[in-house]
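Trainee: In our numbering, the protein residues as written are 1159 to 1550. Below you'll find the structure I mean.
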């Protein structure tokens, strides 16, 4: 694996560049794509949905779905904005990781080579599979209903009732449900905005997942290298190997801090959104008997739940791999036989490794598997309270 041919997250980087979520000094710094997507979501989805909730009849069943939709769209706007604002830090994080892994790409050790092969395969598969799955799900949410309506109109179906294809909306200045000629262009615009939104947020999610996993694997490589310190026969070889370890460990720690600064507010909002949506869907399920409404709401809920589950799992991996670096110094080396100078050098790694390295949710708690379970328990607890109040 020569350094010239070594690459990481190539498909993910191309996708982020295409949607304007990548910082590149060789191009114009202002990227119009994410701004256009964000404004489209605000003015074509969020504001018309709020207008629908205000101007339409105040019937409980009519208001249920728009409430959940506007919360989800608001979260997507917030996450896209956070990524666009922090794209320079994410790009710097990628560059640092690429340099670190390129340094180890010529390693003769099989454990390191196996880790690098895993990273290249997993990053590519993640983008291809996840984008395909999300686009397939998006097709079933809006475009499918649009296509069915067009087919029924072409067949002169007298029972045809025009409905909003993606989100419930009231565009105030025109009634998009008044005729087919008004409904068709507005539906095509809604589907286009939906797919722009899906592709942008999917590129962002894949990049964040890949960066977190790559940082964890860099900590793992540091652990592998520490376990081989006993094989350094002379002082010069030991120092050279130790400098490489220090450099890689600092890179991993620095990248983790950058990801933490960007992800912390995003994940905090995701947790709040997931608790609200879970509680809300459970409550609606218990009071409304509408299979189509429930299917659309569960569709939105499973997406948010999967997001915090994936970030919780990656946060657990990051904390575990960083902690194992400290453990490797004790269990994988005969440090007690080293000279005082060598012990003093290793102490620097030990001090850094003993710090908790992870991703927090708005600085309140670290992302782990137990925190995901706690979020679900909290949602069920709130649902129980609201349900009892509603019955009384």
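All residues carry an ideal CB built from backbone N, CA and C; glycine is no exception. Quantities reported herein were computed from a predicted structural model and do not represent experimental measurements.
(1) In three-state terms, what does DSSP make of residue 1526?
(2) Based on the DSSP output, what are the partners of residue 1518 in its beta bridges?
(3) My output table needs one value for residue 1269: the three-state DSSP class, helix, strand or coil.
(4) Nearest-angstrom Cα distance between residue 1234 and residue 1422?
(5) Would a C-beta distance cut-off of 7 Å place residue 1203 and residue 1326 closer than the cut-off?
(6) Locate the alpha helix (DSSP H) running through residue 1173, then write down its first and last residues.
(7) Using only the alpha-carbon positions, how far apart do residue 1161 and residue 1263 sit?
(8) So residue 1226 and residue 1460 are supposed to be a Cβ contact under 8 Å. How far apart are they, rounded?
(9) For residue 1181, which of helix, strand or coil comes out of DSSP?
(10) Determine the direct distance from the alpha carbon of residue 1366 to that of residue 1446, and round the result to whole angstroms.
(11) Just to confirm the assignment, what range does the alpha helix (DSSP H) spanning residue 1345 have?
(12) Buried or exposed for residue 1499, please, with buried defined as at least 16 other CB atoms from any protein chain shown within 10 angstroms of its CB.
(13) Hey, could you find the ends of the alpha helix (DSSP H) residue 1326 is sitting in?
(14) Express the C-alpha separation of residue 1334 and residue 1405 in angstroms, rounding to a whole number.
(15) My output table needs one value for residue 1138: the three-state DSSP class, helix, strand or coil.
(16) Could you tell me the distance, in whole angstroms, from the CA atom of residue 1122 to the CA atom of residue 1300?
(17) If we count the other Cβ atoms within 10 Å of its Cβ and call it buried at 16 or more, is residue 1192 buried or exposed?
(18) Measuring only the C-alpha atoms, how far is residue 1544 from residue 1458?
(19) If you pair each beta-carbon of the segment 1329-1348 with each one of the segment 1249-1267, do three or more pairs fall below 8 Å?
Mentor: Taking the structure as given:
(1) In the three-state reduction of the DSSP assignment, residue 1526 falls in the coil class, being assigned neither a helical nor a strand state.
(2) Note: residue 1518 is bridge-paired with 1524 in the DSSP secondary-structure output.
(3) Residue 1269 falls in the helix class under three-state DSSP.
(4) Counting only the Cα atoms, residue 1422 lies some 15 Å from residue 1234.
(5) Not a contact, by the Cβ cut-off of 7 Å.
(6) Start and end: 1168-1176.
(7) Low confidence applies here, because residue 1161 scores a pLDDT of 44, under 50, leaving its location unreliable; read the following figure in that light. About 6 Å.
(8) Taking a contact as a CB-CB distance under 8 Å, the pair residue 1226 and residue 1460 does not count as one, their CB atoms being some 12 Å apart.
(9) Looking at residue 1181 - three-state DSSP - the assignment turns out to be coil, as it is neither helix nor strand.
(10) One C-alpha to the other measures close to 37 Å.
(11) Counting along the chain, the alpha helix (DSSP H) containing residue 1345 begins and ends at 1338-1384.
(12) Exposed: under 16 other Cβ atoms inside 10 Å.
(13) Where residue 1326 is concerned, there is no enclosing alpha helix (DSSP H), because DSSP gives it neither an H nor an E.
(14) Rounded to the nearest whole angstrom, the C-alpha separation of residue 1405 and residue 1334 is 59 Å.
(15) What the structure shows of the chain is the stretch from 1159 to 1550, and residue 1138 is not part of that stretch, so it cannot be assessed.
(16) Past the boundaries of the shown model lies residue 1122; the chain is included only from 1159 to 1550, so the question cannot be answered.
(17) With 16 or more other Cβ atoms within 10 Å, it is buried.
(18) C-alpha separation (whole angstroms): 21 Å.
(19) No: fewer than three Cβ pairs fall under 8 Å.
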